[in-house]
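A short write-up of the structure that comes next.
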Amino acid sequence: MRSEKPKPSKILLTGGGTGGHLAIVRSVKEELLRRGIRPCYIGSESGQDRAWFGEDADFEAKRFLPTRGVVNQRGFGKLASMAQVFKATLQARRFIKAHGIEAVLSVGGFSAAPASFAAILTGTPLFIHEQNAVSGRLNRILEPFAKRFFSSYGDDRIDYPVGEIFFQTARLRTEVETVIFLGGSQGAKAINDFALELAPELRRRGIRIVHQTGNLDYERIKGAYEALGIEADVFAFDKELYKRIAQADFAVSRAGASTLWELAANRIPTLFVPYPYAAGDHQYHNARYIVERNAGWIVRQNALKSDLFWDIIDKENIAPVSEKLATMIGPDGARKIVESMLAEGR
Ligand SMILES: CC(=O)N[C@H]1[C@@H](OP(=O)(O)OP(=O)(O)OC[C@H]2O[C@@H](n3ccc(=O)[nH]c3=O)[C@H](O)[C@@H]2O)O[C@H](CO)[C@@H](O)[C@@H]1O
1 MRSEKPKPSK ILLTGGGTGG HLAIVRSVKE ELLRRGIRPC YIGSESGQDR AWFGEDADFE
61 AKRFLPTRGV VNQRGFGKLA SMAQVFKATL QARRFIKAHG IEAVLSVGGF SAAPASFAAI
121 LTGTPLFIHE QNAVSGRLNR ILEPFAKRFF SSYGDDRIDY PVGEIFFQTA RLRTEVETVI
181 FLGGSQGAKA INDFALELAP ELRRRGIRIV HQTGNLDYER IKGAYEALGI EADVFAFDKE
241 LYKRIAQADF AVSRAGASTL WELAANRIPT LFVPYPYAAG DHQYHNARYI VERNAGWIVR
301 QNALKSDLFW DIIDKENIAP VSEKLATMIG PDGARKIVES MLAEGR
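In full-length UniProt numbering, the protein residues as written are 1 to 346.
Following this line, the structure appears as structure tokens:
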């Protein structure tokens with residue numbers, strides 16, 4: 001009698017740097033925990049990886065390796081970073097062997113390089129989730145070696161793995177009583193300034209303001225609202241951001257992939273202002289995917305004007321957009337990724 005191969009249970013999640021990547025790790029981790037599997041994690045000492053997962057007791061084991069981005073460096077800096085990645089790859093390889101890892105999921109970002117290369121070196125099945133509509137450099141290099149490459153854009157798409165809470169708190173928006181301004185995990189000065197420009201008229205109309213500034217700009221923006229005498233819910237970063245998104249009826253936001261799909265899952269109509277310097281202009285292409293399906297609006301940062309905002313609020317009906325968003329994403333993303341890893345891990 002042929003005995004069935006046991007399903008893999010030693011899963012390694014890797015990648016990070018900024019919140020967009022780390023949010024995928026979090027939702028895939030939640031799905032694994034629901035199935036009684038505690039994954040391992042490899043991230044970097046730089047970036048936000050430690051802030052997100054340093055204290056997280058859900059992981060069976062974790063390592064933060066000393067890596068930095070290679071892409072944005074030149075000359076000696078680039079060589080030094082490559083040497084670091086090489087050294088970290090050897091450490092990741094030891095980790096994979098020591099923990100008997102049977103499948104690796106990379107969510108991209110420079111933190112993902114060592115464990116992804118180590119997966120290839122050790123013949124451990126590699127799965128990749130690319131968050132953006134245009135692939136990052138590392139994922140383009142890794143894709144030919146991957147068992148599966150997941151994307152939430154295009155024909156062969158899966159639902160973006162958004163935290164379940166964004167679906168649980170979703171609701172149809174019909175009227176704008178509260179606006180939320182979002183700058184992505186690090187905040188966005190252009191959106192911060194735009195919010196201040198809109199603030200007097202928002203107050204005049206009795207529309208509540210919720211505003212995430214990012215750490216760097218927090219004091220300036222808080223002070224500016226005070227100087228204007230306008231009451232606003234201003235904060236730098238909120239670990240439970242879903243609560244504030246759920247309160248709001250309209251968003252002005254960067255088009256980082258995790259934020260974009262969380263907003264979609266929550267069905268909140270959004271004016272996207274893509275970060276203009278993102279690699280391959282990927283934030284613009286992320287937002288285009290939504291906007292081309294009549295599920296939101298987009299404006300280039302250098303064309304950001306208050307008139308456009310008021311035209312949307314005054315002349316466009318937000319309810320059909322909120323309805324359309326319900327068809328753009330379902331809650332199955334993390335489940336699909338996990339099932340594929342369990343079926344095709346070694
Ligand atoms: C400048 C840049 O290149 N940014 C990239 C980075 O964005 P960034 O890291 O800003 O990522 P996203 O906007 O995709 O996600 C931010 C995450 O942080 C969370 N959050 C944010 C603010 C807050 O107060 N609390 C909170 O928990 C959001 O809920 C979300 O889960 O990775 C994304 C995913 O690869 C890319 O699409 C972005 O283009």
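Just so you know, even glycine gets a beta-carbon here, dropped at the ideal spot from N, CA and C.
- For R208, DSSP records a beta bridge to T178.
- Contact between L172 and A146 fails: their C-beta atoms lie close to 38 angstroms from each other, not under 8 angstroms.
- DSSP places K78 within a helical segment (H, G or I) once states are collapsed to three.
- In chain order, A265 and P331 place their CB closer than 7 angstroms to the CB of F167, counting only its own chain and leaving out the 5 sequence neighbours on each side.
- DSSP lists L271 as the beta-bridge partner residues of W297.
- Between ligand 1 and the CB of K222, the shortest heavy atom gap is not smaller than 7 angstroms.
- Annotation note: the segment 215-299 contains the following uninterrupted beta strand (DSSP E) runs of length 3 or greater, listed N- to C-terminal: 233-235, 250-253 and 270-272.
- Per DSSP, reduced to three states, the secondary structure at K62 is strand.
- Residue pairing by DSSP puts S106 in a beta bridge opposite T14 and I128.
- Contact annotation: Y225 and A236 have beta-carbon atoms that are not nearer than 8 angstroms.
- Around the C-beta of T327, fewer than 16 other C-beta atoms lie within 10 Å, and the residue is accordingly described as exposed.
- Short note on S185: C-beta closer than 7 angstroms to some heavy atom of ligand 1.
- With respect to the 8 angstroms criterion, T124 and R335 are not classified as neighbours on the basis of their beta carbons.
- Within the DSSP bridge table, the entry for Y41 names L13 and K62 as partners.
- For Q283, the CB falls within less than 7 angstroms of some heavy atom of ligand 1.
- G15 is not a Cβ neighbour of S152, given a cutoff of 8 angstroms.
- For R148, there is no enclosing alpha helix (DSSP H); the enclosing beta strand (DSSP E) covers residues R148 to F150.
- Nearest in C-alpha terms to L342, of all of V104, L202, E30 and D58, is V104.
- Distance from the C-beta of A278 to the nearest heavy atom of ligand 1 is below 7 angstroms.
- Taking C-beta separations shorter than 6 angstroms and ignoring five residues to either side along the sequence, the partners of N215 in its chain run A236, following chain order.
- Exclusion of the five residues before and after A113 leaves T67, V70, V85, A88, T89 and L138 as the residues of its chain whose Cβ lies within less than 8 angstroms of its Cβ.
- Per the coordinates, the alpha-carbon of D159 lies some 4 angstroms from the alpha-carbon of G333.
- Taking C-beta atoms as the reference points, L182 and S253 count as a pair closer than 8 angstroms.
- In this structure, DSSP gives P200 a helical state, which the three-state scheme calls helix.
- G280 is not a Cβ neighbour of V179, given a cutoff of 8 angstroms.
- For Q168, the enclosing alpha helix (DSSP H) starts and ends at I165 to Q168.
- Straight-line spacing of the CA atoms in A57 and R93 works out to 23 angstroms.
- The alpha-carbon separation between L196 and Q48 amounts to approximately 28 angstroms.
- Around the CB of Y277, fewer than 16 other CB atoms lie within 10 Å, so the residue is classed as exposed.
- Here the alpha carbon of P8 sits roughly 16 angstroms from the alpha carbon of Y41.
- Close CB contacts of I230 within its chain, under the 6 angstroms cut and outside five residues either way in sequence, are with A199 and R203 (chain order).
- Per DSSP, H99 lies in no alpha helix (DSSP H) segment and is marked neither H nor E.
- With fewer than 16 other Cβ atoms inside 10 Å of its own Cβ, G100 counts as exposed.
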